[in-house]
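Asks: So that we are looking at the same thing, I have put the structure below in structure tokens.
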Amino acid sequence: MEHITSTPTMKGPAARFTGDVYLNMIEGPAEPARLAAGLVRFTPGARTNWHSHANGQVLYITDGVGLVGTRDGSVARVSAGEILKCPAGEEHWHGATDSHLMAHIALVVGDGNGDGTTWLEPVTDEQYATALANN
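In the numbering used here, each residue's number is its place in the sequence shown (first place is 1) plus 65.
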């Protein structure tokens with residue numbers, strides 16, 4: 066058994082996020098298990114870049130209100146206690162609304178070479194505004 070009483074909070078890198086995002090890693094994808102888990106906190110208006118996961122992703126929303134969008138224009142409004150599953154390879158983004166923070170635990174199964182995430186370009190302000198207006 067390993068009892069971890071705290072983990073350091075890191076600021077999300079600007080190369081992967083728009084706005085202020087903070088991350089506490091819970092578990093990294095280490096062999097033989099490949100689970101990566103982290104608590105991610107988004108300030109109002111903050112969001113990830115477009116990205117995908119080799120083996121999919123599960124988001125458990127712990128606090129606030131957020132949005133999760135896909136390339137086909139689908140957007141889900143999520144709030145505390147809800148779960149959202151992103152299938153393997155689906156390009157998507159997630160973040161807070163413009164008026165609320167949002168926090169989630171992100172769970173991914175790595176691909177043997179890390180967490181299997183492919184980071185892409187930022188979500189534009191226009192894409193984000195459209196998601197907000199329709200949700």
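Where is the CB? At the ideal position from N, CA and C, for every residue including glycine.
Is A198 helix, strand or coil when you go by DSSP?
Replies: helix
Asks: If you scan the stretch 79-105 from start to end, which runs of the beta strand (DSSP E) of 3 or more residues do you find wholly inside it?
Replies: 86-92
Asks: Out of L172, L149, S164 and V130, which one is the CA nearest neighbour of L100?
Replies: L172
Asks: At the level of alpha carbons, what is the spacing between A95 and N178?
Replies: 10 Å
Asks: Could you round the C-beta distance between V235 and L149 to whole angstroms and report it? I think they count as a contact, below 8 Å.
Replies: Residue coverage of the chain in this structure runs from 66 to 200, which leaves residue 235 outside it and unanswerable.
Asks: Candidates A145, V130 and E155: which alpha carbon is nearest G110's?
Replies: Taking only the C-alpha atoms, the option nearest G110 is V130.
Asks: Can you give me the Cβ contacts of E147 inside the same chain, cut-off strictly under 6 Å, excluding the 5 residues immediately before and after it?
Replies: For E147, same chain residues with a beta-carbon under 6 Å away, outside a window of 5 residues either side, are I126 in chain order.
Asks: Looking at the unbroken beta strand (DSSP E) that takes in G160, where does it start and where does it end?
Replies: H157 to A161
Asks: Grab the span of the beta strand (DSSP E) containing I170 for me, first residue to last.
Replies: M167 to V174
Asks: In or out: R136 buried (at least 16 other Cβ within 10 Å) or exposed?
Replies: exposed
Asks: Given this structure, state the Cα-to-Cα distance separating W184 from C151, to the nearest angstrom.
Replies: C-alpha separation (whole angstroms): 15 Å.
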